[in-house]
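Note that the protein sequences, when read in sequence, are chains A and B.
If you're matching positions, the first sequence starts at 1 in the working numbering and goes up one per residue.
If you're matching positions, the second sequence starts at 1001 in the working numbering and goes up one per residue.
C-beta atoms are modelled at their ideal positions from N, C-alpha and C, and glycine is treated no differently.
In what follows, a structure is listed as structure tokens, so that the remarks can point back to it.
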Amino acid sequence: MITKIFTLLIIVLFLVALTQVIRIFQLTGKIKGYDINETTDYDNNLNGILSIIFSILFFAFCVYQYLEFKKFILPESASFHGIFIDKMNNLSLIAITVVFVIMNALIFYLSYKYRSKKETKASFVTHNNKLELIWTILPGIVLTVYILYGLNVWSQVMHPSEEDPMLIEIYGQQFSWTARYAGEDNLLGESHYTLVNNKNVLGVDSKDVNSNDDIIVRELHIPIDEPIMLKFRSQDALHSAYLPHFRVQMNCVPGLETSFMFIPIKTTKQMRIELKDESFDYVLLCNKICGSSHFNMQMKVIVETREEYNEWIGQQPKFKEINL
Amino acid sequence: MSEHHHKETFITKYIFCQDHKMISKQFLITGMLMGTIALLMSTFFRLQLAYPGKSFGILETFLGRWAPEGVMSPDIYLALVTIHGTIMVFFVLTAGLSGTFSNLLIPLQIGARDMASGFLNMLSYWFFFASSVVMVYSLFVQSGPASAGWTIYPPLSAIAELIPGSGAGMTWWLVSMVLFIVSALLGALNYIVTIINLRTQGMSLRRLPLTIWAFFVTAILGVLSFPVLLSAALLLVFDRSFGTSFYLSDIIIAGEALTNTGGSPILFQHLFWFLGHPEVYIVLLPALGITSEIISTNSRKPIFGYTAMVASILAIGFLSFIVWGHHMFITGMNPFLGSVFIFTTLLIAIPSAVKAFNYCATLFKGKIVFTPAMLFSIALVSTFVTGGLTGLILANAPLDINVHDTYFVVGHFHIVMGLSAIFGMFAGVYHWFPRMYGKMMNKHLGYIHFWFTFAAAYGVFFPMHFLGLAGVPRRYYSNSSFSMFDGMTDINIIITVSAIIGAVAQVFFFFNFFYSIFKGNKSSQNPWKSNTLEWTAPVKHMHGNWPGKIPAVYRWPYDYSKPGAEEDFISQTVPLKEGEQEH
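Written out as structure tokens, the structure is:
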């Protein structure tokens, strides 16, 4: 209580002090007969110089952040399509950084350079069609290239040419993930939300023979270098299955099946060596606000060799075995 | 329109007032109050993000049972994020910005005695006021305020079992939003009609100040897009309360299957973003209009490329209606549709770039007078460019996959839309304060306010890009559940400290604002030596704006430093001299 009163007192005293300072300013102005709010050459110089100082500090801050936070940026993609995304992303980031520096430097420099001085006079220029045409067409050309490049990568990512990918269903619910493997037939059994119960958490239809060899697990194991087709479903709210290391993200929508196909190209072990981090694991996390524990909705993802994968999957019970 | 002076009572002058100047002040002050609430909320949740789980007395003081022992719960974290977004986007940057300056400037700058309908204008404010009251009320309901994010995506926003905030809190949120939309529509219709019909003699479209062009296009966007949000909200009300299934299908709550089938949550997103994206420009265009005016005036130079500026406002306005899908690249929307939205979205970069270049060209060879308004306007150009550029990444669907819904997005839209719009609003307040209150705001406090705000703003939002590139999702109560985000606390501390500095800097603004209303130095008729019509009206407000005849207009508003003129500005009301070219 005392701290609260004390804080309040400080705030009040601060405002009173501020009032007095302003009044002193106003009174001096009145006595000397000038308007204190008129912008003077002193103000123009001060703010002109401040804008140069600001721009230097701002760019220094950007460089500092880059050097200091670079290590947090996601490592190179662990999926095949991600390589193309990364390449385009890096090129784009470099390009926008260049434009960012040039434009901001220009803005602050112009502000400083053309600050009002007694002797200067502004020039009366209303427009310049040639110049304007150039800086309309130039971004137009750059963007055309950028759009075409983007569309090209987008169609590569969304329409991969690989056939017969391994099917895995990812099922999101507050606040956990479940995965269902299609088994040897690589066909997922039918499912319906009304069939969900404590034993049958995904509502798989046991009458569908395709479901017999389905395998339901809480950890995602995937073999390296093989196309994986993830199918997404949700039980309640929207979720978003986000696998940042693989540049994979897709929403899980109740009532709608969505999908994403990718090929992992680095095993967990390789990534651990690359990152020099023995405890590293890939992760699938939720990236669409879904409730209180949204911030802790995750599933471990392990990329391994085909042999390791076979061994692991062989130990998992089949749907038919648990759903008697 | 009546030019007679009715006897005014306190109520008709200050409360149920139909005079556009008073309504503008009402919008501004309500907007500022709402802004304070939203700003406080953001500092609160920033405390949690930088120091997760640490106890803060201030949280307990303000949040009470939501922050037992000074640590906020995940639910209230989400509520704070949601309400912060809602208030900032709608109450501050739409009503506070557009409501204030459209009301003040449209009649004054086009030479009209008032809005086309003073009564509708008054209603517009009072619907906004009611909407604000309901929104603030919703913060205090037992089950907590709405917490499904400001985009209120169903099913989360539709089913109270999924998150407590989707109970009564969400109901009041929707009520508030319906009132808000009514207010926005009444306002926008009035602005459009006034601009089309009530321009003074000689005020042709090519002589309109850019502020008016911006307000005009903004109002059109509002009229076309807000009704869609209204329908989206109404369908959500049906789903919530009357058992329909517009947005719901195949849902299980606590082991029980709901009967809703056939609905689509994606439908809501289409409807929402059909408003949501134009809304970005409803927020941004008035700010761009305001700064065009201020940068020209304070560079003592005509705005460069007036025609191109108007054309780009129109182009941005048009394009803003066909880009909404870029919010939905990874919702499972057909990839081909994604391609279309990549194309249309990136087109917006062209008129935006034109605007940025034209601002720079206006500064070039100018005689820049650094009023606080000018500083904020220049800062807007910087944030508009900086934030716009990261938009290129997000607009490109393949790149969006990995930064979608991460802090990269948070950084992007706060800089390009949040900062730009709020800087435009500050600029507008500093610039037109003399016109509103007949007093000057203190310039020294203005400078302090500006430099701290500007520095803090980049300090808050720039580091967020790095969090985004590291894959940190937004709307996370804490990052401590994932080892891959370990060690990033430093970034969050930088952001939070900057946010606190930024919040404290606003004290200088609020103090300056209210002190100047009562004790500020009297303003002269035309303190910034500006050309536009509002500075020809008497300092003391009067109904009808001008005594006697409304001034006629003979030239465009940007005749600054015109060769052959005695002074470096020529009011629009001065007839062209013999042999003088218009421009």
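Can you tell me which residues form a DSSP beta bridge with Phe-1215 of chain B?
Per DSSP, Phe-1215 of chain B has no beta-bridge partner at all.
Mind listing, in chain order, the continuous alpha helix (DSSP H) runs of no fewer than 4 residues lying wholly within the region 1063–1151 of chain B?
Those alpha helix (DSSP H) runs which fall completely within the region 1063–1151 of chain B and span 4+ residues are 1074–1086, 1100–1110 and 1118–1138.
For His-1084 of chain B, does the count of other Cβ atoms within 10 angstroms reach 16, so buried, or fall short, so exposed?
Looking at its Cβ environment, which holds 16 or more other Cβ atoms inside 10 Å, His-1084 of chain B is buried.
Where Pro-1563 of chain B falls: helix, strand or coil (DSSP):
In this structure, Pro-1563 of chain B counts as coil in the three-state DSSP scheme.
Taking the alpha-carbon of Arg-1475 of chain B as reference, which of B:Phe-1056, B:Val-1081 and B:Leu-1039 has the nearest alpha-carbon?
Ranking B:Phe-1056, B:Val-1081 and B:Leu-1039 by Cα distance to Arg-1475 of chain B puts B:Val-1081 first.
What would DSSP say about Met-1001 of chain B, mapped onto helix, strand or coil?
With a pLDDT of 43 at Met-1001 of chain B, under the threshold of 50, the predicted position of this residue should be treated as unreliable, and no value is reported.
Specify, as a first and last residue, the run of the beta strand (DSSP E) that Ser-176 of chain A falls within.
Taken as a continuous stretch (DSSP letters only), the beta strand (DSSP E) holding Ser-176 of chain A covers 176–181.
Can you pull the chain A residues whose beta carbon is under 7 Å from the beta carbon of Ser-1055 of chain B, in chain order?
One finds nothing in chain A with a Cβ atom closer than 7 Å to the Cβ of Ser-1055 of chain B; even the nearest lies about 14 Å away.
Could you give the DSSP three-state label for Cys-290 of chain A: helix, strand or coil?
Residue state, collapsed to three classes: coil.
Taking the alpha helix (DSSP H) that Pro-1278 of chain B belongs to, which residues open and close that run?
It spans 1265–1299 - the alpha helix (DSSP H) in which Pro-1278 of chain B sits, taken as one unbroken run.
Does the distance from the CB of Ser-1498 of chain B to the CB of Ala-1456 of chain B come in under 8 Å?
Yes.
Backbone CA spacing between Asn-1526 of chain B and Gly-1459 of chain B [nearest angstrom]
C-alpha separation (whole angstroms): 36 Å.
With Asn-1512 of chain B and Asn-1402 of chain B assumed to form a contact (beta carbons below 8 Å), what rounded beta-carbon distance in angstroms separates them?
Wrong, their Cβ atoms sit about 44 Å apart, outside the cutoff.
Note down the Cα distance separating Asn-198 of chain A from Gly-1255 of chain B, rounded to an integer number of angstroms.
Approximately 8 Å between the Cα atoms of the pair.
Using a Cβ-Cβ distance cut-off of 8 Å, determine whether Ile-289 of chain A contacts chain B.
Closer than 8 Å to some Cβ of chain B, the Cβ of Ile-289 of chain A qualifies, so yes.
Residue range of the alpha helix (DSSP H) that Val-12 of chain A falls in?
Element bounds for Val-12 of chain A: 2–32.
Counted within 10 angstroms of its Cβ, other Cβ atoms place Ser-1420 of chain B as buried (16 or more) or exposed
Taking every protein chain shown into account, the CB of Ser-1420 of chain B has 16 or more other CB atoms within 10 angstroms, so this residue is buried.
For Gln-328 of chain A, which beta-bridge partners are listed by DSSP?
Lying before the first or after the last residue shown, residue 328 of chain A is absent from chain A, which here runs from 1 to 324.
From A:Tyr-66, A:Val-303, A:Thr-126 and A:Lys-32, pick the residue whose C-alpha is nearest to that of Leu-243 of chain A; which is it?
Across the set A:Tyr-66, A:Val-303, A:Thr-126 and A:Lys-32, the C-alpha of A:Val-303 shows the shortest separation from the C-alpha of Leu-243 of chain A.
Kindly give me the distance between the Cβ atoms of Tyr-1153 of chain B and Phe-1268 of chain B, rounded to whole angstroms, as I take these residues to be in contact under 8 Å.
The Cβ separation is near 6 Å, so the contact holds.
First through last residue of the beta strand (DSSP E) which encompasses Cys-252 of chain A:
Per DSSP, Cys-252 of chain A belongs to the beta strand (DSSP E) from 248–252.
Could you tell me whether the Cβ of Arg-218 of chain A comes closer than 8 Å to any Cβ of chain B?
So, not an interface residue.
Leaving out the 5 sequence neighbours to the left and right, which residues in its chain are closer than 7 Å to Ala-1233 of chain B when beta-carbon positions are compared?
Result list for Ala-1233 of chain B: Leu-1174, Met-1177 and Val-1178, in chain order.
Is there a Cβ of chain A sitting closer than 8 Å to that of Lys-1355 of chain B, yes or no?
The Cβ of Lys-1355 of chain B sits no closer than 8 Å to any Cβ of chain A.
Contact with chain B by Ala-17 of chain A, beta-carbon distance below 8 Å:
So, not an interface residue.
Rounded to whole angstroms, how far is the Cβ of Pro-1302 of chain B from the Cβ of Tyr-1560 of chain B, which I believe are closer than 8 Å?
Rounded, the Cβ-Cβ distance is 6 Å, consistent with contact.
Against Gly-140 of chain A, what residues of chain B qualify as contacts under a CB-to-CB distance less than 7 Å, listed in chain order?
Those are Ile-1350, listed as they occur along chain B.
Can you tell me whether Ser-1002 of chain B is buried or exposed, with buried defined as 16 or more other CB within 10 angstroms of its CB?
Because Ser-1002 of chain B sits at a pLDDT of 45, beneath the cut-off of 50, its placement in the model cannot be relied upon, and the following sentence gives the value as read from the coordinates. Classification of Ser-1002 of chain B: exposed, given that the 10 Å Cβ count is below 16.
Given Leu-1104 of chain B as reference, the closest of B:Arg-1065, B:Ile-1087 and B:His-1020 once Cα atoms are compared:
Checked all of B:Arg-1065, B:Ile-1087 and B:His-1020; the closest Cα to Leu-1104 of chain B is B:His-1020.
Reduced DSSP category for Ile-168 of chain A - H, G, I as helix; E, B as strand; rest coil:
Strand.
Does any CB atom of chain A fall closer than 8 Å to the CB of Glu-1003 of chain B?
Summary for Glu-1003 of chain B: the model assigns pLDDT 46, below 50, so the residue's position carries little reliability, and this model does not support an answer.
8 Å CB neighbourhood of Glu-257 of chain A in its chain, flanking five on each side removed
Hits under 8 Å: Lys-231, Phe-232 and Arg-233.
Suppose you measure from the CA of Thr-1261 of chain B to the CA of Leu-1186 of chain B; what does that come to, to the nearest Å?
Rounded to the nearest angstrom, the gap between the Cα atoms of Thr-1261 of chain B and Leu-1186 of chain B is 37 Å.
Output the distance between the C-alpha atoms of Asn-1298 of chain B and Tyr-1437 of chain B, rounded to the nearest integer angstrom.
Going from the Cα of Asn-1298 of chain B to the Cα of Tyr-1437 of chain B covers about 21 Å.
Assuming Asp-213 of chain A and Glu-190 of chain A make a contact with CB atoms under 8 Å, what is their CB distance in whole Å?
Actually they do not touch by this definition, with Cβ atoms about 14 Å apart.
Does the separation of the CB atoms of Leu-167 of chain A and Leu-188 of chain A fall below 8 Å?
It is a contact, given that the beta carbons lie within the stated cut-off.
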